[in-house]
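Read through the structure below, which is laid out as structure tokens, and then see the notes.
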């Protein structure tokens, strides 16, 4: 028996288990919630409460605990009804990193507080991990969270702990629009670095949280620096146990790497398409040398597309392979070589640039931009989300089992590490 | 060139079918002489004092992208403007070897001064045309000039002129021409007081146009390299003084572009060197995983590879500087230098960004100035690919015959 409330039915089953069951549920929902007349936020909240937000989310928290693959069924039905969406491109960090983290490590109270406004887009999330002194060596981070247990008489709060945070984070996209930040901070400098970290949700609107745009070589600022000066975080916003921060962060990072790696595209649907079109449109630009590079990159790009598809198929059947590490490495190299080819072959046009002015774009749009912009932006592809150097180490050590570099930093108290 | 398909090899294996291979010929001095090193030191000191990278960066977003005050000092006091001009015209009577060193230093500082455009390219054209007025003005640093060709022009064949000579207007002095047309993407035109404009017509030739002339507009272009922003020129019946005509004009433009390519290669060498220097310094001081990142073998190898590329490119740059003054191997020398130095500079600049990690991607770090300079100069005056392709003819290595594959 299907339950339209989204909760367990009398037989103990948690709601619909089939595509048809979901379709019927969506139609029932649409019958009582008109997408054309309800305010979008109200519609989205109701959709969440009906378990039709993300069906793989737990029951009572926007889903039914179903396999992720069934989400496409729900999306198709809502799309057909022209229902308002939650603009996933705007809340990528929330959906892709915060939600999985909170669902895996958060308390029930935290899930109840955060998941719905995250999914509806009412609350935007950002990531406060990297620091100027902690890039590839993220575990070496220095932002400090110190616990204070005295109650705050002024606001009448009870004696639960609070943490006072000082430090600086960098490479935070959406910081200026975010309500919450996923913060990893050092809570114990006297133990080895991996053991002394704790994970928090940081209220980005609190006192002591200052966001400054971080201008990049393309001219604009996609990212920010975040300065934390005496910012107070209530202990109820801590995610996971004290000292468990690295384990929680690993989960977040795994989700980030997969999301950068690849999306389904048709042949010539990626960066190579622009180069191929330019090649076809400009016979006057062609030289034998450029032709060789064009052909080589076209072949490499197409093979990469096939490899991405293979990876997607592996993930879909629940067997993520180590090939995911290769995907980001390959796409970074390809993007860089393709954009360099485009700038070079466009000759005089390649000497010009569209606009250096300082802006804070909400999203990165690679496609449809001039070759010069894409060339510069692509230089970041081998640095962001794990440098190509680190990815090669991961492949060599974790996939191929080659011995690691001798480490001097994993057993020494963090405070004694040379930095 | 011989039509034989099997040229007889000489005892050293070189082909003798007209390619520019001269067995038994001594190579010129490829080192830096004392005078060159003294000039280098003077220029480097001046640029370090007056053209630090953060000043260069800030200037790119002002309405004064060129540091004309610095150029005046470099041109007149240090004498860089008159290096290539004979003493008889008020110049230093030096050679491309000396100019090369100044170019290297200018590249090392990504200095926003029109040394390349005025003291090399325009000067080479003026020398070829033998124009005394221009030469003494350039030597005395009372003029700054630029050749009105697209920066992306390739040496060798003169670019097809996009400006035409039109009929004189009533009251025009005898000998004065009127030019109409447009030239886009010209380097070092913004600070120029005189533009040297190739024009088609009767007669076709090279003409001098005053910067403030009626009918001339010089519009800054938002450029990939804002340390040397380009300009688009439009001419509407602009008064112009003839400098050279017909083949003489072609020769002047050719000489200018060849000199430009060679000296640009030297500038690229300076860019590459500075990138390696910055990168090595960072690799030594940046700690991650409780050790300097330069202690990782993978990064050491990449720094070493850069050093090798640069030291190879240096030899090519020195050879081009030595050959420019009339050596028959100059066309090969220029092609080699522009290819090797262009590749070295783009590699070094890209590695500089990458090996600096996140900070190399930021606006407030100098790496991007060098990346943009390297990328732009690799396109200017012929890409490495174009120059290697020119070796097909120069080194007698023809491509596959056309036809079905």
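Residue numbers (my numbering), protein chains in the order written: chain R, 64 to 482; chain C, 2 to 406.
Positions of the beta carbon are idealized from the N, C-alpha and C atoms, including for glycine.
Coarse secondary structure for residue i, derived from DSSP in three states
i: residue 12 of chain C; result: Caution applies to residue 12 of chain C, whose pLDDT of 41 falls short of 50 and renders its modelled position unreliable; the model cannot decide the point.
i: residue 106 of chain C; result: helix
i: residue 394 of chain C; result: helix
i: residue 152 of chain C; result: coil
i: residue 272 of chain R; result: strand
i: residue 291 of chain R; result: strand
i: residue 182 of chain R; result: helix
i: residue 86 of chain C; result: coil
i: residue 468 of chain R; result: coil
i: residue 149 of chain R; result: coil
i: residue 209 of chain C; result: strand
i: residue 385 of chain C; result: helix
i: residue 304 of chain R; result: coil
i: residue 262 of chain R; result: strand
i: residue 199 of chain C; result: strand
Chain C within 8 Å of residue i, Cβ atoms only
i: residue 346 of chain R; result: no
i: residue 255 of chain R; result: no
i: residue 262 of chain R; result: no
i: residue 471 of chain R; result: yes
i: residue 430 of chain R; result: no
i: residue 452 of chain R; result: yes
i: residue 411 of chain R; result: yes
i: residue 279 of chain R; result: yes
i: residue 372 of chain R; result: no
Beta carbon proximity, residue i to chain R, threshold 8 Å
i: residue 311 of chain C; result: no
i: residue 34 of chain C; result: no
i: residue 399 of chain C; result: no
i: residue 143 of chain C; result: no
i: residue 213 of chain C; result: no
i: residue 55 of chain C; result: no
i: residue 125 of chain C; result: no
i: residue 387 of chain C; result: yes
i: residue 113 of chain C; result: no
i: residue 358 of chain C; result: yes
i: residue 305 of chain C; result: no
Own chain residues within Cβ distance below 7 Å of residue i, not counting five before or after
i: residue 69 of chain C; result: 192
i: residue 233 of chain R; result: 193, 194, 195, 277, 288
i: residue 387 of chain C; result: 155
i: residue 228 of chain C; result: 57, 61, 111, 113, 370, 374
i: residue 252 of chain C; result: 129
i: residue 363 of chain R; result: 397
i: residue 199 of chain R; result: 450, 453
Contacts around residue i, its chain only, beta-carbon distance under 8 Å, and the 5 residues preceding and following it disregarded
i: residue 175 of chain R; result: 124
i: residue 354 of chain C; result: 361, 362, 368, 369, 372
i: residue 306 of chain R; result: 250, 251, 254, 258, 259, 260, 261
i: residue 247 of chain C; result: 204, 205, 206
i: residue 281 of chain C; result: 295, 304
CA nearest to the CA of residue i, picked from the options
i: residue 176 of chain C; options: C:167, C:184, C:183, C:182; result: C:167
i: residue 90 of chain C; options: C:134, C:56, C:121; result: C:134
i: residue 474 of chain R; options: R:257, R:241, R:382; result: R:257
i: residue 226 of chain C; options: C:43, C:369, C:98; result: C:369
i: residue 239 of chain C; options: C:151, C:182, C:282; result: C:182
i: residue 185 of chain R; options: R:240, R:113, R:481; result: R:240
i: residue 340 of chain C; options: C:321, C:27, C:173; result: C:321
i: residue 268 of chain R; options: R:242, R:456, R:371; result: R:242
i: residue 167 of chain R; options: R:338, R:314, R:406, R:364; result: R:314
i: residue 283 of chain C; options: C:27, C:352, C:207; result: C:352
i: residue 136 of chain R; options: R:152, R:115, R:171; result: R:115
i: residue 178 of chain C; options: C:187, C:207, C:219, C:268; result: C:207
i: residue 144 of chain R; options: R:162, R:96, R:173, R:272; result: R:96
i: residue 199 of chain C; options: C:315, C:213, C:151, C:144; result: C:151
Close beta carbons around residue i, own chain, < 6 Å, minus the five adjacent residues each side
i: residue 76 of chain C; result: 82, 142
i: residue 433 of chain R; result: 417
i: residue 226 of chain R; result: 208, 210, 296
i: residue 247 of chain R; result: 192, 260, 262, 308, 312
i: residue 391 of chain C; result: 336
Which of the residues in the region 107 to 138 of chain R, read from start to end, lie with their CB under 7 Å from any CB of chain C? none
Chain C contacts made by the region 184 to 195 of chain R, where a contact means CB separation under 8 Å: 193, 195
Tell me which residues of the region 333 to 365 of chain R have at least one Cβ-Cβ distance to chain C shorter than 7 Å, keeping chain order. 350, 351, 352, 353
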